[in-house]
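Residue numbers (the numbering used here): 132 to 659.
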């Protein structure tokens, strides 16, 4: 039956391609939609029965090759001059050629247990495969429940060394990635992400992976018709739902960041963000726009039910996705699902969110510019704090524990929400036999964000003060979600005695990551 449908499609397509009155790109839309929805077998079947050798057909063959991870074949299909005359073919050829170079010597790991295929640019990252697989499996279930989108298997993930390779694989300018701190992109039916070994302190790579998987689900569910505000707002909403919530998730509400940022003219109209948040001029503005779309999507999705004029339908998002899939535009889709168009909802949401204005921690980075005198004093204080912090690190690394505490302890009071400082202060207290005060300092409710070194210190502080083994194990796991290739994190977990037994695949993954971390031959913390 499927073959018959494909043949019927091919006959219609062939007739259209020889007719000067029928634009080829319109007739190709079933193929385009199948590729966009990651129905690659269907797309290949449709293309295989087409023998018309037109630029439009070659272009779709190239797109399919990119989704299959075959950049060489994509470049070959795009090279002819006739194909290059198509509007987007030149840019795609450049990306395909860059991708060929970036992924020339990759290794692939197929995780049958979790239904994932991961390509690694650097073989040293391969031990990440099972944790990537678990994250993907959990997020697929979330996306099916929250958005009504079933993701195909296997899910494909590429792990690259750095932002240069990320840029080469996706076409995002490297300067834009650097400016906005972009470390992952959903493109070509896969997630392309920078290895957590690349940043000095790692990053929340599992949440980032979940965020980008949400983009893939929205592209699949809407045939890539969702506007940027919906794409990014839903992805931010969904990125932490694969795991239990943490206090740091909403330690600073996106509503408050949006209110403050909009009041300081750092926001954007919802329908005027541009092609990508990664292309905004600064990380500061990107943060505000992320908060803006997150706040708006949560408002419209029913998460703020009970607030004045807020919608109450918690099934709004899957309904919107289905409306987009049927070809409705944004205003028509919103009217069908919620009764109001974008402009009307914007007029409801903006006054509501402006009422969430409040004082943000200075570490968020949205404080008003201080006076020259205040700026000078703050700069002096920062320099002194940095010097004390670095000296404390060096002293601790050389086992001068008491002296290290003299430098580090005062910083905990001055910077209570900084996970790097509190992690090091706690390390000094643990080394000094003061586990109780280390544990008190490492309260997840006190910090804005978290780091692998912070969770490593917390796991050891919990264990030293008699916390339940499950709680200790959770702390180690959260450290791995940030910096799995740091020996203090992966080997700390692998070698910690008295924890509940891990599943066989996870035990193997942790041991493999510990070996990979040790193979980096990093200096001990503070000796770098």
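Every residue, glycine too, gets a C-beta built ideally from N, C-alpha and C.
- In this structure, DSSP gives residue 436 an extended state, which the three-state scheme calls strand.
- Boundaries of the beta strand (DSSP E) around residue 241: 238-242.
- Taking C-alpha positions only, residue 530 is separated from residue 565 by approximately 15 angstroms.
- Apart from sequence neighbours up to five positions away, the residues of its chain that approach residue 354 with a beta-carbon distance below 7 angstroms are 164, 167, 168 and 456, ordered along the chain.
- Assignment of beta-bridge partners to residue 520 by DSSP yields no partner.
- The alpha-carbon separation between residue 440 and residue 390 amounts to approximately 18 angstroms.
- One thing to note: residue 296 has its Cβ within 9 angstroms of the Cβ of residue 325.
- At the C-beta level, residue 291 and residue 260 stay beyond 9 angstroms of one another.
- Around the beta carbon of residue 244, fewer than 16 other beta carbons lie within 10 angstroms, which makes this residue exposed.
- Within its own chain, the residues whose Cβ lies closer than 6 angstroms to the Cβ of residue 250, once the five positions on either side in sequence are excluded, are 237, 239 and 289, listed in chain order.
- By the beta-carbon neighbour count (other beta carbons within 10 angstroms, threshold 16), residue 493 is exposed.
- Straight-line spacing of the CA atoms in residue 567 and residue 606 works out to 16 angstroms.
- The C-alpha of residue 386 lies about 14 angstroms from the C-alpha of residue 395.
- The Cβ atoms of residue 208 and residue 193 lie closer than 9 angstroms to each other.
- With fewer than 16 other beta carbons inside 10 angstroms of its own, residue 445 counts as exposed.
- The criterion of a C-beta distance shorter than 9 angstroms is not satisfied by residue 314 and residue 418.
- Within the stretch 334-380, the runs of alpha helix (DSSP H) at least 4 residues long that lie entirely inside it are, in chain order, 336-353 and 359-369.
- In the DSSP assignment, residue 584 falls outside any beta strand (DSSP E) and lies within the alpha helix (DSSP H) extending over 583-595.
- In this model, residue 337 and residue 409 are separated by some 19 angstroms (Cα to Cα).
- Between residue 427 and residue 364, the gap from beta carbon to beta carbon is short of 9 angstroms.
- Linking residue 267 to residue 344 through their CA atoms gives a straight-line distance of about 8 angstroms.
- Here the stretch 274-287 lies against the stretch 355-374, with 3 or more beta-carbon pairs under 8 angstroms apart.
- Nearest to residue 608 by alpha-carbon distance, out of 584, 329 and 300, is 584.
- If you draw a straight line from the Cα of residue 465 to the Cα of residue 348, it comes to about 19 angstroms.
- Residue 171 is a Cβ neighbour of residue 198, given a cutoff of 9 angstroms.
- Out of 652, 162 and 618, the CA that lies nearest to the CA of residue 641 is found in 618.
- DSSP, reduced to helix, strand and coil, places residue 402 within a helical segment of the structure shown.
- Taking all protein chains in view, the Cβ of residue 403 is surrounded by fewer than 16 other Cβ atoms within 10 Å, so the residue is classified as exposed.
- When DSSP states are grouped into helix, strand and coil, residue 324 belongs to the strand group.
- Membership of residue 248 in the beta strand (DSSP E) is indicated by the continuous run 247-251.
- In the structure shown, residue 453 adopts helical secondary structure according to DSSP, grouped into three states.
- With respect to residue 248, residue 301 sits apart: the two C-beta atoms are not nearer than 9 angstroms.
- Beta-bridge partners of residue 318 (DSSP): 321.
- For the pair residue 442 and residue 432, the CB atoms are nearer than the 9 angstroms cut-off.
- By DSSP's assignment, residue 286 forms a beta bridge with 247.
- Beta-bridge annotation (DSSP): residue 291 is paired with 325.
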